[in-house]
Each structure stands twice: as structure tokens, then as C-alpha cells.
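Chemist: Below is the structure I would like to discuss, written out as C-alpha cells.
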Amino acid sequence: MGVDPMRLPGDPVGPVWTSRVHSSGEVNACVGRLTCAVTTALVVTVLPGLAAAGAGAAHAAGTPVEVPSGPSDLSVSADGRWIAFAGDEGGSSGLYRYDPVSGQAWRLASVDGAVVAETSISGDGRFIAWARRTAARGQGWDPSSQVYVTDAEAGTTWLVSGDRVDGSAGNEGSAQPQVSDDGSHVVFTTRATDVVEGPYAAAPGSDVVVASLGAQGPSQPRLVSAEEAGVDFSEPTVDADADRIAFTRSSVGGSRIVLADRAAGGPASLAEVAVGSAPALSADGSSLALVRTQSQPGGVVRSATYVRTLATGSEVQADVEDKGWPLRGDSAAPVLDRDGGSVLFALAGAEGTELVERDVDLGTTRVLARGVDPSAGHDLSTDGAHVVHVGDGAVWVVDVDRPSEVGAPNAMWNPLVQRASTPARGRGYVLRVDPAVWEPLRTSRVERQWLRNGRPIRGATGLTYEITAADLGREIKVRERLRVPGLPVGVATSRGYKVKPDLARLLAPARLRVGAARVTLRVRVRTLPGSETYVKGAAAPQGTVRVVVGRRVLHATVGRDGWARLMLPRMRPGRHQLRVQHVGTAYVRAAAPKRVSLLVRQRR
């Protein structure tokens, strides 16, 4: 964070720290080639765990308590007002809800012989979904884990993953609960065969299910994932009103992300939308964050975070520095804000784990925290203004300001103009541009313009451009402008391409024997690029062929196939010398002349 916490005398064990990350101030946090994050953590306050008088929402779960030691499995409400987490007090694990404004914490539920894990809090902080585990964190799937939902205001806790007949604990594990922002639904992963009905209820593999929440408790869970045997469905994520649910489908062929669309509350339509894992939906359901392996030079493979716009299927990489180059280390556990414009993820490197925020609309990357406990979890509020995580055994709350001044988008590689192999429609040749590689931004739009000696060429805005007579001897460039709402326009211009006439090569027989007085001479013209670097694609063969026979001169036009045909005059038997010349054009230089020895045999 740039400022080390200082414990004050009398502080309870495991305090909650608050720092503010502003958009202006001292630059003091860098990672790899990342443009240093602006993190003036000048306001660092200790919020005592012991309850103090102050404003707070109605709470029916008893009196406030001290913040326990070893907090973990954090989640934060939509506006950052409430934080749910697991903690241990007196050897007993419990579910806690914390109010950073008043500094009050409440213990909502306790478990014996197990631990509270995987908390997920609703947008208003009322409903908290969580899992009861007997296995320690990091030990993989727990076959005895169960999913619960606690109503913090009513002081009621329900078992959600119960047997569909008698309501007892399911016959296998259930975990990974996620509650919708509006508190209407909870989704989770289960391997139990008695929680939902279905033809594959007894098949191996895990399923994703959803239950609605009401005043009388949760409804019977319903299957969301497909009825496939031998396939694991897991890692569910849900939008604000549970109209969309995304999850991971894992099989021998790899991991893919499936989107379930429950429009109007009807049966969900399923569609595989991306390769990857660890999905996270934005609250409005428009965007999806995910993790995918990425190959880098030298055979290095890393885990990278992407943000996908579901309506268009477009993706941008999120774990990049301000200029767009990938960060060093593996990224994991992405979380999106309301509309997917900001993504928070953990970045594991050689010196530990950091929390990084990338604004995929503005193109800013900031390190928000260092020394993060990756196993304790982190979360981003729906409004994108608050981040919670665990570090040094304490809960940290980071208030994040949106950057006020952002520079123009950066082109990682400028556009490159080259010859194209595309045949020209006219007599010139075709240039093509390899577009600029811009830093990944979600709402960008590229405008392209070809330039002749720095001036725009009217109507030339595509990926290719055909040379005309006006371009000969001049320099051709391409200028790209990247327009992003709310940002200055990014500009990238290619190096100039000097337009020169192409070269020609004349192909004619050195010797020709004929037995007739009238002879048809066939010669061919081939063109070669006249630029400094040889590439495929040249102007079409053109010009005329001139043949000198004695005192007579013949002419023929070169066709687009390169051939020219000339009917020679009647000639006496014997040897004759022909001089064959190519006459070029503005686009193609003349080829070197050729001499043809013609032998006309005496007819018998």
C-alpha cells in the first residue's frame, strides 16, 4: 500500500484498516513495467474492532463484538457499507458482518467442528451466503461441506443445500455460493445427488444450481448446468438479479465458460461463450471476466485475465500495464464492477501477491495493495469504489477514486505499410496496412486514413490502397486514430512507403526456327516490385513491345497476362536478327531489350 500499518496501544487483535487511493499524489507503487500506480495512502485510520456508538442499520443478530483474529473469505456490499467475512474467536469459527462506518462488527453464525468459508454478501448487506467446511482452506473439495444463507437483519440462517425430501444436509458436498446483488437468489456448486432432481442425479461430477430467497427461506434448488454425466460444472457467478449465471465446464478437453440466460425467470438457455475459468459477471450482466492461460516468448505460460463483452463477443486483456504490455506474474480471481469497466484481480509474482485494478475503458492500471493473503480472498464493491482484502492478519478497506486525468490511448506497435499480393484493378499495385496494436480498451473505435506526402487521400480509409499515377515518387503513410469515450484521441502513424515504378523483365526466345515465311513472335513481360524490400505483389504487366526487323518496326500491346503477339512480315529464307524492346509506363519501367536470331528454312 505504500504505508505500513501501525498498531496503536490497546488495539484489538485483527483490526480493520482503511486507506484511500486517490487519483493524484505521490507515485509509489510499481510492478514490472507497470506505470506506477497513484497510491497516496495518506489517510490511514484504525477502525477499532470493539463496538462504538455510531449510526448503523437495523441488526437483529445480537450486540456488536470485537473483530476476531484470522479474518478470511471476505465479500463487500454494493456500496462498501458492509463487509462479510469468516473469523475465529475462542477456537470457534463464525460468520461476521462489519460496518466500516461505525466500526461495529456482529457475529451472525457459529459452527462447531468446522469453519465458515466462501462468504458472499448481497448488495444491501442483508443476505450472506456461505459454506460450512470441515476441511481446511486449500485442501480441495470437501465432501461434507454445505451451503447456508443468513439474513443479517432477521437473525435467521437457512440450510440451502439440504435434501429435497427431509431438508437434512445433502449427501455430498456443496460449496462456492454466490448471492445476487438484489438478494433474490443464491447459486452454488453441488455434488450431492439428493438436492435437485434429474436424470443424471446419480452420475459423477458437480452441478451448478440456483435457489430463490424469500421471507420464508430458500426455495428448492433447481439445476442450472446441463444434464451431462462425467462433467464438472463449478465456479458459478451471478448478475444483480440472477437473470444471468455463468460457470465453468471442466472436462478432459479443458475448461470452458458457460452462460445461462434466465430471461423472464423461465428455463435457462445455455451457451458456451469462452475458453477459460474463474468467471465473474458484472452486476448488469453485460460483461464477463475470466482467466485463461497465455503463451509468451520463450515458452513461458502464465495465467492472464480478460474482460469479455457478452453482446459482441469482443475481449480485452486486463492484466496489462498502462501502455498495454502484459504484467509479470500470474493473475487470478477477477472481480468486476457494475458494468465491467473496472476489474480487480490478484497478481502473484516473485515478491508476493498484489491486488491490481485495471480500468478497461480508460486504460489505467493501479496497484492497490501489496502483501495480500491470496487464500483469504478479496472483493470489489459493485460501485467500484471499495476494495477489501486481508494482509498481515488484518482486514483492509481501500477506497478507490476514479482517475481524473488520463492520457491518450497508447499504440504498442505503429501501423505498418507493405506491398499486398492482391492484384490491382488498374495499372498500379496494391498496398496494405498491418493495423496498429493498441493497448486493450473495451470501448475503442479505430479510424484509418491513408496519406500522400502527409495529406489525406480522399476516400482511402480501408486496409488496402491501390497506387495511382498521383502517388509515383511520393510517400504513402497510414494514420490511425483510436477514439475512446472520455479520453483524448490516440494517434499512431506508419513509416512512409516511397512509391517507385515496378521493374520489368522481358522473356523472348534467343533462337527461333520456322518453316514458313509468315511468323508470329510471342514474347512475355513479367513485373517485379521496385521497392527496396522484395515482397509479393507487383503492378500488372503493361506497356508495349517494339520489334525492329530490318527497316521495319512493329508494335504490340502487352496484355494483363503479360503476353504480346506480333505477326512478322514475309521473310526470305535464311537468318535474320530481330531486336525486341519493351516500352514501359509510369508504373513499370522498361525491361532490358532482347535479340532474337530467326532462321527461316527453305520450303521444299
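Each residue of the sequence shown is one higher than the last, beginning at 8 in the numbering used here. Cβ coordinates follow ideal geometry from the N, Cα and C atoms, glycine included.
Taking the DSSP output, what are the residues bridged to T527?
Modeler: The sequence position of residue 527 within the sequence shown is 520, counting from 1. DSSP, once it has assigned bridges, lists M574 as partnering T527.
Chemist: I'd like to check one pair, A517 with Y594: are the Cβ atoms closer than 8 Å?
Modeler: Taking the sequence shown and counting its residues from 1, the one referred to as residue 594 is at position 587. Taking the sequence shown and counting its residues from 1, the one referred to as residue 517 is at position 510. Going by C-beta atoms, Y594 is not nearer than 8 Å to A517.
Chemist: Around the C-beta of P600, are 16 or more other C-beta atoms found within 10 angstroms, so that it is buried, or is it exposed?
Modeler: Within the sequence shown, numbered from 1, the residue matching residue 600 stands at position 593. P600 is exposed by the Cβ-count criterion.
Chemist: In three-state DSSP terms, what is D173?
Modeler: To locate residue 173, count along the sequence shown from 1; it is residue 166. The answer is coil: DSSP assigns D173 none of H, G, I, E or B.
Chemist: Using the Cα positions of R452 and N417, report the straight-line distance between them to the nearest angstrom.
Modeler: What you label residue 452 is simply residue 445 of the sequence shown in a count that begins at 1. What you label residue 417 is simply residue 410 of the sequence shown in a count that begins at 1. Whole-angstrom Cα-Cα distance: 13 Å.
Chemist: Closer than 8 Å is the cut-off here; do at least three beta carbon pairs connect the segment 513–532 with the segment 467–485?
Modeler: The segment 513–532 is not in contact with the segment 467–485.
Chemist: Buried or exposed for R462, going by 16 or more other Cβ atoms inside 10 Å?
Modeler: By 1-based counting over the sequence shown, the position of residue 462 is 455. When all chains shown are included, R462 counts as exposed.
Chemist: In whole angstroms, what separates the C-alpha of R171 from that of P228?
Modeler: For the purposes of this step, residue 171 is taken as residue 164 along the sequence shown, with counting starting at 1. For the purposes of this step, residue 228 is taken as residue 221 along the sequence shown, with counting starting at 1. Approximately 8 Å, taken between the alpha carbons.
Chemist: Find out if the Cβ-Cβ distance for the pair D399, T450 is shorter than 8 Å.
Modeler: As a working note, residue 399 is residue 392 in the sequence shown. As a working note, residue 450 is residue 443 in the sequence shown. No.
Chemist: Pick helix, strand or coil for V595, following the three-state DSSP scheme.
Modeler: What you label residue 595 is simply residue 588 of the sequence shown in a count that begins at 1. Three-state DSSP puts V595 in a strand.
Chemist: By the DSSP assignment, the beta strand (DSSP E) with E279 in it spans what residues?
Modeler: Stepping through the sequence shown from its first residue, residue 279 is reached at position 272. Element bounds for E279: 276–282.
Chemist: Nearest-angstrom Cα distance between R409 and G347?
Modeler: Counting from 1 along the sequence shown, the entry for residue 409 is found at position 402. Counting from 1 along the sequence shown, the entry for residue 347 is found at position 340. Approximately 14 Å, taken between the alpha carbons.
Chemist: Put A476 into one of helix, strand or coil per three-state DSSP.
Modeler: Residue 476 sits at position 469 when you count from the first residue of the sequence shown. It is helical.
Chemist: To the nearest angstrom, how far is it from the Cα of R490 to the Cα of L458?
Modeler: Numbered from its first residue, the sequence shown carries residue 490 at position 483. Numbered from its first residue, the sequence shown carries residue 458 at position 451. Cα to Cα, R490 sits roughly 19 Å from L458.
Chemist: With DSSP collapsed to three states, give me the class of P225.
Modeler: In the sequence shown, residue 225 corresponds to position 218, counting from 1. In the structure shown, P225 sits in a strand (DSSP, three-state: E or B).
Chemist: What span of residues does the beta strand (DSSP E) with K330 cover, start to end?
Modeler: The count along the sequence shown starts at 1 and reaches residue 330 at position 323. Run containing K330: none; DSSP gives neither H nor E here.
Chemist: For A281 versus V231, is the C-beta distance shorter than 8 Å?
Modeler: By 1-based counting over the sequence shown, the position of residue 281 is 274. By 1-based counting over the sequence shown, the position of residue 231 is 224. Against a cut-off of 8 Å, the Cβ pair of V231 and A281 comes out as no contact.
Chemist: Would you mind sorting H562 into buried or exposed? The rule is 16 or more other CB atoms within 10 Å of its CB.
Modeler: Your numbering for residue 562 matches position 555 in the sequence shown. Flag for H562 reads exposed.
Chemist: So what does I483 bridge to, in DSSP terms?
Modeler: As a position in the sequence shown, residue 483 is number 476, starting the count at 1. Its beta-bridge partners are R459, Y504.
Chemist: Quick one: what does DSSP say S109 is sitting in, helix, strand or coil?
Modeler: For this step, residue 109 is matched to residue 102 along the sequence shown. Here S109 sits in coil by DSSP.
Chemist: Please list the terminal residues of the continuous beta strand (DSSP E) segment that includes D239.
Modeler: Translated into the one-based positions of the sequence shown, residue 239 becomes position 232. Segment 239–245, the beta strand (DSSP E) holding D239.
Chemist: Take the Cβ of T371 as the centre, count every other Cβ of all protein chains shown within 10 Å, and call the residue buried at 16 or more, exposed below.
Modeler: Taking the first residue of the sequence shown as position 1, residue 371 is located at position 364. Buried.
Chemist: Determine which residues share a DSSP beta bridge with I464 and list them.
Modeler: Working through the sequence shown from its first residue, we reach residue 464 at position 457. Answer is none; I464 lacks a bridge partner.
Chemist: Kindly indicate if chain B contains any beta-carbon less than 8 Å away from that of L230.
Modeler: In the structure shown, chain B does not exist; there is a single protein chain.
Chemist: Among G190, D250, E279, which one has its Cα closest to the Cα of A233?
Modeler: Mapped onto the sequence shown, residue 233 falls at position 226. Closest by alpha carbon: E279.
Chemist: Taking 6 Å as the limit between beta carbons, can you name the residues of its chain near G336, skipping five residues before and five after?
Modeler: Translated into positions along the sequence shown, residue 336 becomes position 329. Excluding residues within five positions, the ones whose Cβ falls inside 6 Å are L354, A355, G356.
Chemist: What residues match up with L369 in a beta bridge as DSSP calls it?
Modeler: Here residue 369 refers to the residue found at position 362 of the sequence shown. DSSP output for L369 lists no bridge partner at all.
Chemist: Who are the Cβ neighbours of T389 in its own chain at under 7 Å, not counting the five residues just before and after it?
Modeler: Taking the first residue of the sequence shown as position 1, residue 389 is located at position 382. Cβ neighbours of T389 beyond the five flanking positions: A85, G130, D188, A290, D344, R345.
Chemist: Counting beta carbon pairs with one atom in the segment 555–571 and one in the segment 478–485, are three or more of them shorter than 8 Å?
Modeler: Cβ pair count under 8 Å is below three, so no.
Chemist: CA-CA distance, R602 and V560?
Modeler: Taking the sequence shown and counting its residues from 1, one reaches residue 602 at position 595. Taking the sequence shown and counting its residues from 1, one reaches residue 560 at position 553. If I take the Cα positions, the gap works out to 14 Å.
Chemist: Distance check for G162 and A318, CA to CA, integer angstroms please.
Modeler: Working through the sequence shown from its first residue, we reach residue 318 at position 311. Working through the sequence shown from its first residue, we reach residue 162 at position 155. A318 and G162: Cα-Cα distance of roughly 40 Å.
Chemist: In three-state DSSP terms, what is A85?
Modeler: Counting from one through the sequence shown, the residue named residue 85 turns up at place 78. If DSSP states are grouped into helix, strand and coil, A85 belongs with coil.
Chemist: Spell out the partners DSSP gives W445 in its beta bridges.
Modeler: Looking up residue 445 in the sequence shown gives position 438. Bridge partners of W445: A418.
Chemist: Can you give me the C-alpha to C-alpha distance between F254 and G283, rounded to a whole angstrom?
Modeler: Residue numbering aside, residue 254 sits at position 247 when the sequence shown is read from its first letter. Residue numbering aside, residue 283 sits at position 276 when the sequence shown is read from its first letter. Cα-Cα distance, rounded: 10 Å.
Chemist: By a C-beta neighbour count over all protein chains shown, 10 Å radius and 16 as the cutoff for buried, is A523 buried or exposed?
Modeler: The residue labelled residue 523 in the question sits at position 516 within the sequence shown. With fewer than 16 other Cβ atoms within 10 Å, it is exposed.
Chemist: Let me know if A376 comes out buried or exposed under the rule of 16 or more other beta-carbons within 10 Å of its beta-carbon.
Modeler: The residue given as residue 376 occupies position 369 in the sequence shown. That one is buried.
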